[in-house]
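Student: Input: one structure, supplied below.
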Amino acid sequence: MPHLIRTLPKVELHLHLETSLRLRRLLGQQHPDDPTIADPHLIADPGAFTGYDRLRRLRYANRAGRIPDEAYTTENITRITADLLAAAAADNVRYVEIRVGGRRGFTTLGVRPMLEAMAEAAAAAEPGVHSAFLVTVVRERGPEEAEAIVTEAAACRDLRVVGIDLAGDEANYPPAMFMRAVDKARAAGLGITVHAGEFTGPTSIWIAIHQLGAQRIGHGIRAVEDPDLLAYLREHQVTLEICPTSNLRLGLVPSLADHPLRTLLKAGVPVTVNSDDPMLLKTDLTKELTAVQAALGLSLETVTGLMRHAANAAFLPEAARQSLEQEVTQTPAAS
Ligand SMILES: [Zn+2]
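Counting in the numbering used here, the sequence shown runs from 188 upward without gaps.
So this is what it looks like as structure tokens:
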């Protein structure tokens, strides 16, 4: 099955660029003898923390954050985006939405130059893999910065920006703070996806849908706790971006065999599978699909169904979504 899954045409909707982590690897490749570019090591044990704090520890409490500002060049951003896309193409991913929200990249280079550098790599990667970008709005930076980022993102639709992603500390920065920013994004024609139902319960998903008009939910696994919500997600085709290894590493599920993915599928919720932070989590889309397929005993038809959900929920025009759906649901060659 792993080989077959790798050869399947795939779509990925929830993938962070992981700018600092990728830049660190790039610097390591460019300067292999420089002792200051050490392998990142954790300076705090993420296991000692819970909830969003654990994610923060995993992401930032290591040397990956110590990247000199000089590394943030447009050339390097193009290089790391090209690396990500080369890995996606090798994994037979046909379309990927890459989300980017790194403050240092945006402040050092500017939002538009950063996205221009990414778009250059995206154009060069075609036709092997097609891609578009989501700009991540980080809750902890507050509503004013959110509005400012959205204004800039909306002006970059010519650079493949197709949506915004609201991410960060769900518990302490409620959605109401970001209504103006999200409304602005919607008015500009951008798609809306919101990280919710990951560290907080199903109420956070209801709020993301009704207060922010989220079309997709990042993670959303805690929807399983609320049957009415499951029915709503099915009826209104609100898609969940499930990231199994991420959930496991953050202690949100005890094992993949206990992952709510199967319950969500049974309830008819449009679910997708994604790699979230593939470098940090040492994963890719094939590994994610193979792991859940084995742990939950999913059929090949179900795996293809996950790809169809992803194609349908891409922030693309209707015609492009349909042709993507066709591409990922073609019967794989017999093996
Ligand atoms: Zn995420």
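Ideal placement from N, C-alpha and C gives every residue a C-beta, glycine not left out.
#1: Should G405 be listed as close to ligand 1, given that the test is whether its C-beta is under 6 Å from any heavy atom?
#2: One question on the structure: do F386 and E412 come within less than 7 Å of each other, judged by their Cβ atoms?
#3: Restricting to Cα atoms, I'd like to know which of S462, I429 and T470 is closest to P447.
#4: By Cβ distance below 6 Å, which residues in the same chain neighbour G238 in space, the five residues on each side in sequence not counted?
#5: Who pairs with A354 in a beta bridge, going by DSSP?
#6: By Cβ distance below 7 Å, which residues in the same chain neighbour G384 in space, the five residues on each side in sequence not counted?
#7: State the DSSP-derived secondary structure class of R250, mapped to helix, strand or coil.
#8: Going by other Cβ atoms of all chains shown within 10 Å of its Cβ, with 16 needed for buried, is M188 buried or exposed?
#9: Residues in the same chain with beta-carbon distance under 6 Å from G438, minus the five sequence neighbours each way, listed in chain order, please.
#10: Using a Cβ-Cβ cut-off of 8 Å (strictly less than) and excluding sequence neighbours within five positions of L321, which residues of its own chain qualify?
#11: For the alpha helix (DSSP H) containing E422, name the first residue and the last one.
#12: List the DSSP bridge partners of A277.
#13: For D220, which three-state DSSP category applies?
#14: Assign H203 to one of two classes, buried (16 or more other C-beta atoms within 10 Å of its C-beta) or exposed (fewer than that).
#15: Within its chain, find whatever has a CB closer than 8 Å to the CB of R281; leave out the 5 residues flanking it on each side and keep chain order.
#16: Comparing the CB of D240 with every heavy atom of ligand 1, is any distance shorter than 6 Å?
#17: Check whether the Cβ of D463 sits closer than 6 Å to any heavy atom of ligand 1, and report yes or no.
#18: Going by the beta-carbon positions, is the gap between T473 and H496 smaller than 7 Å?
#19: Could you spell out the range, first to last residue, of the beta strand (DSSP E) harbouring R290?
#20: At which residues does the beta strand (DSSP E) containing I429 begin and terminate?
Tutor: The answer reads as follows:
#1: yes
#2: no
#3: I429
#4: If we look at G238 and ignore the five residues flanking it on each side, its Cβ neighbours are F386.
#5: V325
#6: Same-chain partners within the cutoff: S391, I392, I404, H406, G407, I408, R409 and A410.
#7: With a pLDDT of 49 at R250, under the threshold of 50, the modelled position of this residue cannot be trusted, and the question is left open.
#8: Burial call: exposed.
#9: none
#10: Residues E284, I285, R286, V287, V348, V349, G350, I351, D352, G378, T380 and F502 of the same chain have their beta carbon placed closer than 8 Å to that of L321, with the five preceding and five following residues left out of the count.
#11: P414 to H423
#12: DSSP output for A277 lists no bridge partner at all.
#13: coil
#14: Counting other Cβ atoms within 10 Å of its Cβ, H203 reaches 16 or more and is therefore classed as buried.
#15: P196, K197, V198, V316, H317, L511, E514 and V515
#16: no
#17: yes
#18: no
#19: Unbroken run through R290 is the alpha helix (DSSP H), R290 to L296; no beta strand (DSSP E).
#20: T426 to I429
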